[in-house]
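Under UniProt numbering, think of the first position of the sequence shown as 1, with each following residue one higher.
Virtual Cβ for every residue (Gly too), placed ideally from N, Cα, C.
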Amino acid sequence: MKVNKIEHIGIAVKNLDTAIPYYEKVLGLECYRIEEVEEQKVKTAFFKVGEVKIELLESTDPEGPIGKFVEKKGEGMHHIAFAVDNIEDQLVDAEEKGVRLIDKTPRGGAEGLDIAFLHPKSTFGVLTELCEDKNK
């Protein structure tokens, strides 16, 4: 597997409207995009810190993955995402090296990225997302 950079860090929050002001007023960042990803039952807000993005994740359904995460673990870091090329090949490579995949094939994510997750039981407890921007 070859990782190009950290694409973003995902942080689960209960409510974007109450979380965004912290990032804007306290940290001085600018929320440049809010987007709902219906398939994942999540609403996202993005901030840039240099080359890395912070993605806030608010569940739109208590039974969705973020809703379940917040219910079980509370608000906080949810995942780290790495930018890759040829995401399909990277998934094959990871699986061949014994990594358990959540997604065997990429799916659509926020900002038009193709995404796939690696299971935290295979990544030392860190939910890991691979992202590819096929439009670049």
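1. Measuring alpha carbon to alpha carbon, tell me which of PHE82, GLY67, ALA81 ends up nearest ALA75.
2. By Cβ distance, which residues of its chain are closer than 8 Å to VAL84, with the 5 residues on each side in sequence left out?
3. Counting C-beta neighbours from all protein chains within 10 Å, is the total for THR105 16 or more, i.e. buried, or is it exposed?
4. Within 10 angstroms of its Cβ, does THR128 collect 16 or more other Cβ (buried), or is it exposed?
5. Which residue's Cα is closest to the Cα of LYS43: GLY10, ILE80, LYS25?
6. With 16 as the cutoff for other CB atoms within 10 Å, does LYS53 come out buried or exposed?
7. What span of residues does the alpha helix (DSSP H) with ALA12 cover, start to end?
Let's see:
1. Per the sequence shown, the amino acid found at residue 75 is Glu instead of Ala. Minimum Cα distance to GLU75 is reached at GLY67.
2. MET1, LYS2, VAL3, ASN4, GLN90, LEU130, CYS131, GLU132
3. exposed
4. buried
5. GLY10
6. buried
7. Counting along the chain, ALA12 falls outside any alpha helix (DSSP H), though it belongs to the beta strand (DSSP E) covering 5–13.
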